[in-house]
Amino acid sequence: MEDLARRRLQKTIAASLTIPFYKKSFGGAHPGDNLRDFPTLKRSDIPLLNQSVREVHRGQAEFFSDNSSGSTGMPVEFLFDAGHQSGRYAARIRYLRANGWNPARRNVWLVAQTSDDDASIDSRLQRSTLRLRSRFLPVFAPFEHQANLLMEARPEFLYTMPSNLDGLLRVFEERQTRLAGLKRIFTGAEVVEDSMRERVTKVLGVPISDNYGSTEGFISWQCPKETYHVNAEHMMVEIVDEQGQPAAPGQMGNVLITTLENRLMPLIRYEIGDYAIASNQVCGCGRTLPVIGKVIGRGINLFRLPGNQLVSPWPLVGPLKDRPQFRQFQIVQETVDRYLVRFVADEEPGRDTREEIRSKFSAILGHEVSLAFERMASIPRTAGGKFMTALSMLAAK
2 MEDLARRRLQ KTIAASLTIP FYKKSFGGAH PGDNLRDFPT LKRSDIPLLN QSVREVHRGQ
62 AEFFSDNSSG STGMPVEFLF DAGHQSGRYA ARIRYLRANG WNPARRNVWL VAQTSDDDAS
122 IDSRLQRSTL RLRSRFLPVF APFEHQANLL MEARPEFLYT MPSNLDGLLR VFEERQTRLA
182 GLKRIFTGAE VVEDSMRERV TKVLGVPISD NYGSTEGFIS WQCPKETYHV NAEHMMVEIV
242 DEQGQPAAPG QMGNVLITTL ENRLMPLIRY EIGDYAIASN QVCGCGRTLP VIGKVIGRGI
302 NLFRLPGNQL VSPWPLVGPL KDRPQFRQFQ IVQETVDRYL VRFVADEEPG RDTREEIRSK
362 FSAILGHEVS LAFERMASIP RTAGGKFMTA LSMLAAK
């Protein structure tokens, strides 16, 4: 695998040197074969790279394109060749099959519905011959309606986003019922917290197998041992600290990816905007693919403490999940010491409840914060169907 990845990296570098954007970025010289000698690619660079690729291939054969959801506040378009799309698709099937998925069994995918000309991985799966007995249901439907459809479909395998799963769990908790025959839940697109895994086991009696993917490629996936394995033939992954040095095992760092199968628009040391924990773990499942630790989330989802320290927002979810009257909520960091909770509920929380939640927030964060509440009829999803449980207004500062 290492030899294969090395050969693919060399081809990726050779392909990049045919693109004017990269020639300029490299200063007109070949940076060599050591990946760490290459400059990092920023999200703000992608429109220029896209334009450069289109100029090189003007009038030539068509290629695949897909837009990011824009959850970072800067939606951009990525271009792919058939090799990259096939490699990503194959890696997705490996993830599913390794966790017991069978296309001949009853499968339900709760996804954003796609058009016939959509080249995204979800769209390809919907049109694939591998779908067999799969059903694709709209993730934008109300949770009660989704639950009714699931009871009717009786899936053995279910795929959805964690925030959507959270809404479904609330319905099944209220009904005190389960999905008979369900064997496993697959999740992606958002961070899965340990508390979510515990609730799924308690309410539905099955495990979660998560994957870490993006518009840019399929990065890693969980095996039955819950270890995140990198798709090393598809891309290289680096986790680096604030100085750009490799993060030590157990340390949170910035995720850089290098695509290995996209000769059309290669991404070299691309700063995807996510944070994860570095790991040198050897997985008990026996696979020797590289591993990463817990995926923390996007920079826009991380909160900042005094002194500019980044922290995961997920511990703040607990005090709100303990309140069943909040059917849905979103935590927004407006400043270092000022937060807003948007929520959906039948009535406003009392003064004592608001103060208790604020006090817990302060204790968790380690400094006093102010906390405002905003009641809403619904919290809108992103274009990709995601709920943003945590949102930092300081991410771009």
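Just so we're on the same page, our numbering is the position in the sequence shown counted from 1, plus 1. Idealized CB from N, CA, C, for every residue including glycine. Given the structure is predicted, the values throughout are model-derived calculations rather than measurements.
Quick check: the Cα distance between Phe-219 and Ser-66, rounded to an integer number of angstroms? The sequence position of residue 219 within the sequence shown is 218, counting from 1. The sequence position of residue 66 within the sequence shown is 65, counting from 1. Going from the Cα of Phe-219 to the Cα of Ser-66 covers about 15 Å.
Does the beta-carbon of Leu-5 have 16 or more other beta-carbons within 10 angstroms, so that it is buried, or is it exposed? Reading the sequence shown from its first residue, position 4 is the one you call residue 5. So Leu-5 counts as exposed.
What is the rounded straight-line gap between the Cα of Leu-49 and the Cα of Ser-196? For the purposes of this step, residue 49 is identified with residue 48 of the sequence shown, where counting begins at 1. For the purposes of this step, residue 196 is identified with residue 195 of the sequence shown, where counting begins at 1. Straight-line Cα distance between these residues: approximately 41 Å.
Uninterrupted beta strand (DSSP E) stretches inside the region 281 to 341 (no shorter than 3 residues): Entirely contained in the region 281 to 341, the beta strand (DSSP E) runs reaching 3 residues are, in chain order, 296 to 299 and 329 to 336.
Spatial distance of Ile-20 from Ser-393 (CA atoms): Here residue 20 refers to the residue found at position 19 of the sequence shown. Here residue 393 refers to the residue found at position 392 of the sequence shown. If you take the alpha carbons of Ile-20 and Ser-393, they lie about 35 Å apart.
Could you tell me which residues DSSP puts in a beta bridge with Met-236? Residue mapping note: residue 236 aligns to position 235 of the sequence shown, counting from 1. Beta-bridge pairing by DSSP links Met-236 to Thr-260.
Straight-line Cα distance separating Leu-169 from Glu-262: Walking along the sequence shown from the start, residue 262 turns up at place 261. Walking along the sequence shown from the start, residue 169 turns up at place 168. Straight-line spacing of the CA atoms in Glu-262 and Leu-169 works out to 37 Å.
Please report the residue range of the alpha helix (DSSP H) in which Ile-94 lies. Counted from its first residue, the sequence shown places residue 94 at position 93. Ile-94 -> alpha helix (DSSP H) spans 83 to 99.
Output the residue ranges of the beta strand (DSSP E) runs that lie fully inside the region 135 to 164 and measure 3 residues or longer, sorted by chain position. Along the region 135 to 164, the beta strand (DSSP E) occurs as fully enclosed runs of 3 or more residues at 135 to 139 and 158 to 161, listed in sequence order.
Neighbourhood of Met-266 by C-beta distance below 6 Å, restricted to the same chain and skipping five residues each side: Mapped onto the sequence shown, residue 266 falls at position 265. Here the set comprises Val-54 and Leu-80.
Buried or exposed for Asp-118, please, with buried defined as at least 16 other CB atoms from any protein chain shown within 10 angstroms of its CB. Residue numbering aside, residue 118 sits at position 117 when the sequence shown is read from its first letter. With a pLDDT of 45 at Asp-118, under the threshold of 50, the modelled position of this residue cannot be trusted, and the question is left open.
Per DSSP, cross-strand counterpart(s) of Thr-188: By one-based count along the sequence shown, residue 188 stands at place 187. Beta-bridge analysis with DSSP links Thr-188 to Thr-161 and Asp-211.
Report the three-state DSSP secondary structure of Glu-199 (helix, strand or coil). To locate residue 199, count along the sequence shown from 1; it is residue 198. Helix, per DSSP.
Tell me which same chain residues have a C-beta within less than 7 Å of the C-beta of Leu-268, skipping the five on either side of it? By 1-based counting over the sequence shown, the position of residue 268 is 267. Shown here for Leu-268: same chain residues with a beta carbon closer than 7 Å to its own, the five before and five after excluded, namely Leu-42, Glu-217, Ile-258, Thr-259 and Thr-260 in chain order.
List the residues that DSSP assigns as beta-bridge partners of Val-204. Within the sequence shown, the letter at position 203 stands for residue 204. In DSSP, Val-204 forms no bridge with anything.
Would Gln-246 be called buried (16 or more neighbouring beta carbons within 10 Å of its own) or exposed? The sequence position of residue 246 within the sequence shown is 245, counting from 1. That one is exposed.
Does the Cβ-Cβ distance between Glu-335 and Leu-341 come in under 8 Å? Position 334 of the sequence shown, counted from the start, is the residue given in the question as residue 335. Position 340 of the sequence shown, counted from the start, is the residue given in the question as residue 341. Yes.
Inter-residue CB distance, Pro-156 and Arg-107 (contact presumed, cutoff 8 Å): Numbered from its first residue, the sequence shown carries residue 156 at position 155. Numbered from its first residue, the sequence shown carries residue 107 at position 106. The beta-carbon distance between Pro-156 and Arg-107, rounded to whole angstroms, is 5 Å. This is short enough to meet the 8 Å contact definition.
Could you tell me the boundaries of the beta strand (DSSP E) in which Ile-220 lies? Taking the first residue of the sequence shown as 1, we reach residue 220 at position 219. For Ile-220, the enclosing beta strand (DSSP E) has its first and last residue at 218 to 223.
Does the beta-carbon distance from Val-238 to Val-256 come in below 8 Å? Stepping through the sequence shown from its first residue, residue 238 is reached at position 237. Stepping through the sequence shown from its first residue, residue 256 is reached at position 255. Contact check for Val-238 against Val-256 passes: the beta carbons are separated by less than 8 Å.
Does Asn-149 pass the burial test, meaning 16 or more other C-beta atoms within 10 Å, or should it be called exposed? As a first step, residue 149 must be located in the sequence shown, where it is residue number 148. Classification for Asn-149: exposed.
With distance defined between alpha-carbon atoms, name the residue in Asp-338, Leu-306, Val-337 and Thr-354 nearest to Gln-326. Residue numbering aside, residue 326 sits at position 325 when the sequence shown is read from its first letter. When each option's Cα is compared against that of Gln-326, the closest is Thr-354.
Under 8 Å between C-beta atoms, does Phe-330 make it to chain B? Absent here is chain B; the protein component of the structure consists of one chain.
Determine the direct distance from the alpha carbon of Val-109 to that of Pro-316, and round the result to whole angstroms. Your numbering for residue 316 matches position 315 in the sequence shown. Your numbering for residue 109 matches position 108 in the sequence shown. Straight-line Cα distance between these residues: approximately 31 Å.
By the three-class DSSP mapping on this structure, what secondary structure does Asn-51 have? The residue given as residue 51 occupies position 50 in the sequence shown. Asn-51 carries a helical assignment under DSSP once its states are collapsed to helix, strand and coil.
Sorted by chain position, which residues of the same chain lie with C-beta nearer than 7 Å to Val-193's C-beta, five sequence neighbours on each side aside? As a first step, residue 193 must be located in the sequence shown, where it is residue number 192. Pro-163, Ile-209 and Asp-211.
In this structure, how does DSSP classify Arg-106 when only helix, strand and coil are distinguished? Along the sequence shown, one-based indexing puts residue 106 at 105. The answer is coil: DSSP assigns Arg-106 none of H, G, I, E or B.
Taking only the alpha-carbon atoms, compute the straight-line gap between Asp-46 and Gly-214 and give it to the nearest angstrom. Walking along the sequence shown from the start, residue 46 turns up at place 45. Walking along the sequence shown from the start, residue 214 turns up at place 213. The straight-line gap from Cα to Cα measures roughly 21 Å.
Proximal residues to Phe-39 (C-beta, below 7 Å), its chain only, five neighbours per side dropped: For the purposes of this step, residue 39 is taken as residue 38 along the sequence shown, with counting starting at 1. Same-chain partners within the cutoff: Pro-32, Ile-269 and Arg-270.
Between Met-152 and Leu-183, is the Cβ-Cβ spacing less than 8 Å? Stepping through the sequence shown from its first residue, residue 152 is reached at position 151. Stepping through the sequence shown from its first residue, residue 183 is reached at position 182. Going by beta carbons, Met-152 and Leu-183 fall outside the 8 Å limit.
Near Gly-294, what residues of its chain come up, given a Cβ to Cβ distance below 6 Å and the 5 sequence neighbours on each side ignored? Mapped onto the sequence shown, residue 294 falls at position 293. Cβ neighbours of Gly-294 beyond the five flanking positions: Ile-278 and Ser-280.
Can you check which of these residues, Asn-309, Gln-329, Gln-310 and Gly-308, is closest to Val-318 by C-alpha distance? To locate residue 318, count along the sequence shown from 1; it is residue 317. Taking each of Asn-309, Gln-329, Gln-310 and Gly-308 in turn and checking the Cα distance to Val-318, the smallest one comes out for Gln-329.
Applying the criterion that 16 or more other CB atoms from any shown protein chain within 10 Å of the CB defines a buried residue, is Met-389 buried or exposed? Indexing the sequence shown from 1 puts residue 389 at position 388. Buried.
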